[in-house]
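Asks: Under the working numbering, the sequence shown has 103 at position 51, and the numbering climbs by one with no breaks.
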Amino acid sequence: MRGTPIVLASGSPRRRAILQALGVAFEVVVPRSIEIARPEEPVATVGVNARHKALAAQALRPHAAIIAADTVVCFQGRVLGKPRDEEEARAWLLSYAGRAQTVFTGVALLLPGAEEPSLRIEATGLLFRDYGPDVAEAYLRRVRPLDRAGAYDVNAHGEMLIAGRVGSHTNAMGLPRGLVRDWLAAHGLLRRDATP
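1) Would you report the Cα separation of Ala111 and His104, rounded to the nearest angstrom?
2) Between the C-alpha atoms of Val59 and Ala160, what's the straight-line distance to the nearest angstrom?
3) Going by the DSSP bridge assignment, what does Thr97 pair with across the sheet?
4) So which of Arg54, Ile118, Glu93 and Asp122 has the shortest CA-CA distance to Ile86?
5) Are the stretch 144–160 and the stretch 171–190 touching, with three or more C-beta to C-beta distances below 8 Å?
6) Which residues does DSSP list as the beta-bridge partners of Glu174?
7) Helix, strand or coil for Gly63, going by three-state DSSP, please let me know.
8) List the DSSP bridge partners of Phe78.
9) Where do the ends of the alpha helix (DSSP H) carrying Leu236 lie?
10) In this structure, does DSSP put Val218 in helix, strand or coil?
11) Would you mind listing the beta strand (DSSP E) stretches within the stretch 108–160 that are 3+ residues and don't spill past its ends, in chain order?
12) With a cut-off of 8 Å, do at least 3 Cβ pairs link the stretch 75–91 to the stretch 122–139?
13) Give every residue of the same chain whose Cβ lies closer than 8 Å to the Cβ of Arg217, excluding the five residues on either side of it in the sequence, and list them in chain order.
14) Pick from Leu231, Arg229 and Pro164: whose alpha carbon is nearest that of Ala109?
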């Protein structure tokens, strides 16, 4: 498969940075696809959405290896995507204080000629600090996280909010690096000296 172009089916700068860290050349294609939201089914939500994104990208770049992803936060039995506005982001951040949640990312990996992507789901548990409204306000002002699932970004001053983590840091950012690295390597799409 060496020489096969790689497409990241996402406009997320965080996903782009994770893939760049692997040292692969890739093109960004942001496909149009309908996203579902199943409030009590995070695994189904990210799986279906990642699959739709991969297939939509394949229609645009049929000769490429496609990497597509979808990320949601599951908190107290609810699936949270991106906040509607700053008011909702503030309410979410305040509700997290002192509690735990899980970030789910669905990754759809599609080779040229394949009719269906290989679908993987990864989960990362996060424990939030017991902070007050002043910290939530400071975080909102500093990061402006309205385009992030759950209204925060673990890589952008996440230490203000998060006390601990179980699982992949890059998964909580929106793309599990180890999973993607292993898939690329298995198909001869990654240099042997790429970042571990």
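Glycine is no exception: its CB is placed at the ideal position from the N, C-alpha and C atoms.
Replies: In short, the structure shows the following:
1) Looking up residue 111 in the sequence shown gives position 59. Looking up residue 104 in the sequence shown gives position 52. Going from the Cα of Ala111 to the Cα of His104 covers about 11 Å.
2) Your numbering for residue 59 matches position 7 in the sequence shown. Your numbering for residue 160 matches position 108 in the sequence shown. Using only the alpha carbons, I get a separation of about 12 Å.
3) In the sequence shown, the residue the question calls residue 97 occupies position 45. Residue pairing for Thr97: DSSP places it in no beta bridge.
4) Sequence index remark: in the sequence shown, residue 86 carries index 34 (1-based). It is Asp122.
5) Segment contact: the stretch 144–160 against the stretch 171–190, three or more CB-CB distances shorter than 8 Å; contact assigned.
6) Taking the sequence shown and counting its residues from 1, one reaches residue 174 at position 122. Note: Glu174 sits in a beta bridge opposite Thr157.
7) Numbered from its first residue, the sequence shown carries residue 63 at position 11. Residue state for Gly63 is assigned as coil, using DSSP reduced to three classes.
8) Counted from its first residue, the sequence shown places residue 78 at position 26. Beta-bridge pairing by DSSP links Phe78 to no other residue.
9) To locate residue 236, count along the sequence shown from 1; it is residue 184. Arg229 to Ala238 is the extent of the alpha helix (DSSP H) around Leu236.
10) For the purposes of this step, residue 218 is taken as residue 166 along the sequence shown, with counting starting at 1. Here Val218 sits in strand by DSSP.
11) Taking only runs of at least 3 residues, the beta strand (DSSP E) segments lying wholly in the stretch 108–160 are 117–127 and 130–132.
12) Verdict: yes, contact present.
13) Translated into positions along the sequence shown, residue 217 becomes position 165. Short of 8 Å from the beta carbon of Arg217, and not among the five residues preceding or following it, lie these beta carbons of its own chain, in chain order: Thr176, Gly177, Leu178, Leu179, Val206 and Ala224.
14) Locating residue 109 in the sequence shown gives position 57, counting from the first residue. Per the Cα distances, Pro164.
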